[in-house]
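In the numbering used here, the protein residues as written are -8 to 310.
Here you go:
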C-alpha cells in the first residue's frame, strides 16, 4: 500500500473565474489571477489499497456521503488513467477553511488531493502538470498549486494551467461574514449564470481585457491600479450572477457594509479594495504595511483573519 500526504492552501481571485468553456475538463471561459494564502491549509492523505473495492473519503474525521465520495472517485479515475492503475484508494482530508462558504475550500482541497494522489500513484509531475491535474477536480484548484500570485490561463486542456506571477508586497484581510454552507454552490451558480444571465457574454469579453490589465499592474507593482481592477471585477461578477434567472444573491447586508467601510478607508487615504468570491465573505486587498489598519477599521463587525502570500501545494510525506 503506497501512501502520500500533501498540504495546500486556498487562493482568492483578484480577477475572477466564473463560467466554463468546457465543463468536463473544467476549462474556464477566461483566465484569472489570484493570491494563494498562508492561512486555512488543507492536509490530505491518499492510501492506495490493492485490496479495496471502492474509494473512501473521510473529511475532518467523518465519512462523507456518496455524492462527495463520487466527486473524489471521478478525480481519482483521472489520476489512475495517467498512472495505468486500477487500484482504489482511501482519502483522509483535514480542511481548516470553512467549506462551501465562498473561501475557496475546493481549491485547497483538490490541490492537496492532486498532489497526494499523484505521489501515491507514483506519478512524477511538474508544477504545470499538477496544475492541469488539480483543475480537473476544481477549476480554482489549479491556482493553489502555485505559491503567491498566479495567473491561470484559459485555452485547451494542454494550455489551461496556472503559473507564478511577480507581484508587489500585498496582504489580504479576510472578513468571515458567514462560515456556513451557502445555499447555492458555486458550481450550480456558475451553471445558472452561463445559461440565463443576459450579461454573461459581456462578462467574458470584459474579463479577458481585465486580466491583461491586472497582469501588467502586478508585473509593474502598480498597487492602486491592481486594487481598482480587483474591486471592479468582483462587483461585475456579482452583478452578472444577480442577473441570473432565478436571481441569485451571494452578498448580504453585512457584505455590503464591508465594501462601504473599505470605500471610506480609501477616502481617508488608505489603499484598500474589497473583493468577494461566490459567497457572503469579503476579502480586502491592501499593501502588507496597511493590513493592521484595515483590520482595525473592520474590527467588531465580523471575524477577521489577516493573510499574506502563501506556499504552493507541497507533498510532505510519502511511503
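Idealized CB from N, CA, C, for every residue including glycine. Please read all numbers here as calculations on a predicted model, not as lab measurements.
Indicate whether residue -4 and residue 27 have their beta-carbon atoms separated by less than 8 Å.
In this structure, residue -4 keeps its C-beta atom at 8 Å or more from the C-beta atom of residue 27.
Report back the beta-carbon spacing between residue -6 and residue 310 to the nearest angstrom; my notes put them in contact at under 8 Å.
With a Cβ gap of about 5 Å, residue -6 and residue 310 count as contacting.
Less than 8 Å between C-beta atoms, sequence neighbours within five positions excluded: which residues of the same chain meet that for residue 19?
Only 8, 10, 11, 12, 130, 143, 145 and 151 meet the Cβ criterion.
Could you tell me the distance, in whole angstroms, from the CA atom of residue 284 to the CA atom of residue 167?
Computed Cα separation, rounded: 17 Å.
Would DSSP call residue 194 helix, strand or coil?
The DSSP-derived three-state label of residue 194 is helix.
In the DSSP output, which residue or residues are listed as bridge partners for residue 11?
Its beta-bridge partners are 19.
Below 8 Å on the Cβ atoms is my guess for residue 31 versus residue 88; work out the distance and round it to an integer in Å.
So it is a contact: roughly 4 Å between Cβ atoms.
I need the straight-line Cα distance from residue 291 to residue 96, nearest angstrom please.
Whole-angstrom Cα-Cα distance: 25 Å.
Suppose the cutoff is 7 Å on Cβ atoms and the five residues either side in sequence are ignored; what does the same chain contact list for residue 242 look like?
If we look at residue 242 and ignore the five residues flanking it on each side, its Cβ neighbours are 229, 267 and 271.
Measuring CA to CA, which of 120, 15, 0 and 23 is closest to residue 197?
Cα-wise, what sits closest to residue 197 is 23.
Anticipated Cβ contact below 8 Å, residue 104 with residue 140, distance rounded:
Wrong, their Cβ atoms sit about 23 Å apart, outside the cutoff.
What distance in whole Å lies between the Cβ atoms of residue 233 and residue 226, which are believed to be in contact at a cut-off of 8 Å?
For a cut-off of 8 Å, the C-beta gap from residue 226 to residue 233 is around 10 Å, too long to register as a contact.
Quick check for students: name the residue ranges of the alpha helix (DSSP H) that lie wholly in the segment 143 to 212, counting only runs of 4 or more.
Under the rule that a run must span 4 or more residues, the alpha helix (DSSP H) segments found entirely inside the segment 143 to 212 read 177 to 187 and 191 to 211.
Whole-angstrom Cβ separation of residue -2 and residue 305, contact assumed at under 8 Å?
The pair is a contact, with the Cβ atoms about 6 Å apart (cut-off 8 Å).
Residue burial classification, residue 117 (beta-carbon count within 10 angstroms, cutoff 16):
By the 10 Å Cβ count, residue 117 comes out exposed.
Same chain, Cβ closer than 6 Å to residue 253, five either side skipped, listed in chain order:
Cβ within range, chain order: 263, 265 and 275.
Residues near residue 158 in its chain [Cβ-Cβ closer than 7 Å; skip 5 each side]:
Same-chain partners within the cutoff: 139, 140 and 209.
Endpoints, alpha helix (DSSP H) assigned at residue 3:
Annotation: residue 3 is outside any alpha helix (DSSP H); the continuous beta strand (DSSP E) that includes it extends over 2 to 6.
Which runs of the alpha helix (DSSP H), 4 residues or longer, sit entirely within the segment 282 to 307?
Listed in chain order, they are 282 to 289.
Here's the rule I'm using: 16 or more other beta-carbon atoms within 10 Å means buried, otherwise exposed. How should residue 128 be labelled?
Counting Cβ neighbours within 10 Å, residue 128 comes out buried, since at least 16 surround it.
Tell me residue -3's beta-bridge partners as DSSP assigns them.
DSSP output for residue -3 lists 35 and 306 as bridge partner(s).
8 Å Cβ cutoff met for residue 154 and residue 119:
For residue 154 and residue 119, yes; Cβs fall inside 8 Å.
Taking C-alpha atoms, which residue in 224, 81 and 14 lies nearest to residue 53?
Nearest C-alpha to residue 53 among 224, 81 and 14: 81.
In whole angstroms, what separates the C-alpha of residue 149 from that of residue 16?
For the pair residue 149 and residue 16, the Cα-to-Cα distance works out to about 11 Å.
Alpha carbon to alpha carbon, what distance is there between residue 297 and residue 286?
Cα to Cα, residue 286 sits roughly 8 Å from residue 297.
Per DSSP, the bridge partner or partners of residue 81
Answer is 38 and 47, bridged to residue 81.
Which word fits residue 260, buried or exposed, when buried means at least 16 other C-beta atoms lie within 10 angstroms of its C-beta?
Only exposed fits residue 260, as fewer than 16 other CB atoms lie within 10 angstroms of its CB.
According to DSSP, what are the bridge partners of residue 24?
6 and 142.
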